[in-house]
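To start, the structure under review is shown below, and the notes come after it.
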Amino acid sequence: MIDLHMHTARCGHATGSLIDYVEAGRAAGLEVVCFTDHLPMPEGYPQHYTMRHEEISAYLEDVTAAAAFSRKTGGPEVLSGVEADWMPARVPFTREVLERLDVDMVLGSVHFLEDWAFDDPDLIARYDSVVIDDMWESYFREVACAARSGLFDVIAHADLVKKFGFLSVADPSPWYELVAEALAEGGCAIEVNTGGLRKPAREIYPSLPLLAACQRRGVPATMGSDAHDPLEVGAGLAQARELLVEAGYRSLVLFRSRRAEEVPL
Ligand SMILES: [Zn+2]
Ligand SMILES: [Zn+2]
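Basically this note's numbering = 1-based index in the sequence shown + 1.
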């Protein structure tokens with residue numbers, strides 16, 4: 002089993018040392034893990050969800066040290082990655098930052114609609130003033146743009162918009178097709194993320210119909226716990242595997258030096 006989505010305390014909303022995550026990965030019997038902490042955003046964007054710009058190299062050194070520790074202690078293989086925000090107005094900036102980064106994998110995430118971090122529990126009141134169907138449509142359009150941008154290897158939690166359980170009334174299938182097509186054409190993988198099981202949605206991201214749409218179009222898949230605590234490493238991955246099988250997947254991919262490699266499911 003692989004867990005390709007884990008955070009570190011540097012982002013300010015996760016806890017535990019990298020060694021704790023690696024040890025939790027070993028205890029869970031994982032073969033490969035990937036640290037993917039939140040990459041900082043440029044000025045004018047919130048700075049409190051991510052590590053700071055000046056911390057990036059120290060973060061990568063921490064990952065290298067954790068990988069060495071894991072090798073010595075019989076733990077999982079440790080890969081390096083980041084979770085980068087999709088900022089439609091800052092594509093050249095993001096491209097430049099990512100080109101300079103020496104990591105195995107880049108996750109791309111839509112956490113913002115305009116300036117609203119819609120998955121932040123502190124900003125949940127804003128759901129009262131939006132039309133959920135419109136919000137869902139805007140969200141999936143942004144996910145599709147992110148998938149086509151060429152910036153990311155994987156799109157993380159591709160239906161995060163359901164996080165708090167505000168579900169669209171309209172049938173979301175056309176949006177799922179839009180996203181699956183964009184992933185296929187953009188050469189981007191889809192992540193099966195168990196973080197949603199621990200949120201009010203109580204569901205893996207993405208839902209089965211979205212995952213199945215991706216499978217039909219030949220979009221490769223990864224999986225991850227989105228652990229923000231060592232206790233969450235590997236959480237729900239057996240369920241993720243069941244969902245993948247149900248969607249028709251027979252294998253996964255992981256990334257080394259940003260190149261996809263097929264691995265058994
Ligand atoms: Zn986070
Ligand atoms: Zn994450």
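For glycine and all other residues, C-beta sits at the position ideal for the given N, C-alpha and C.
The structure presented is a predicted model; accordingly, all values stated were derived computationally and were not measured.
Going by DSSP, Ile-125 is part of no alpha helix (DSSP H) at all; its letter is neither H nor E. Ile-191 is bridged by DSSP to Ile-156 and Ala-222. Leu-152 places its beta carbon less than 8 Å from that of Gly-109. Short of 7 Å from the beta carbon of Ser-169, and not among the five residues preceding or following it, lie these beta carbons of its own chain, in chain order: Ile-133, Asp-134 and Trp-137. Residue Phe-113 holds the alpha-carbon nearest to the alpha-carbon of Ala-90 among Gly-76, Ser-71, Arg-101 and Phe-113. A distance below 8 Å separates the beta carbons of Tyr-206 and Ala-159. Here the alpha carbon of Val-220 sits roughly 7 Å from the alpha carbon of Cys-189. Look at Thr-65 here: in three-state DSSP terms it is helix. Counting other Cβ atoms within 10 Å of its Cβ, Gly-166 stays below 16 and is therefore classed as exposed. Distances from the CB of Cys-12 to the heavy atoms of ligand 1 include at least one below 7 Å. In this structure, the alpha-carbon of Trp-117 lies about 8 Å from that of Leu-124.
Looking at the backbone, the Cα of Asn-194 and that of Glu-44 are separated by about 29 Å. Around the beta-carbon of Thr-65, fewer than 16 other beta-carbon atoms lie within 10 Å, marking it exposed.
Judged by their CB atoms, Glu-247 and Leu-198 are not nearer to each other than the 8 Å cut-off. For the region 10-64, the full-length alpha helix (DSSP H) segments reaching 4 residues or more read 19-28 along the chain.
For Glu-204, the three-state secondary structure derived from DSSP is coil. Beyond the five residues adjoining it in sequence on each side, Cys-12 comes within less than 6 Å, by CB distance, of Asp-38, His-39, Thr-51 and Met-52 in the same chain, given in chain order.
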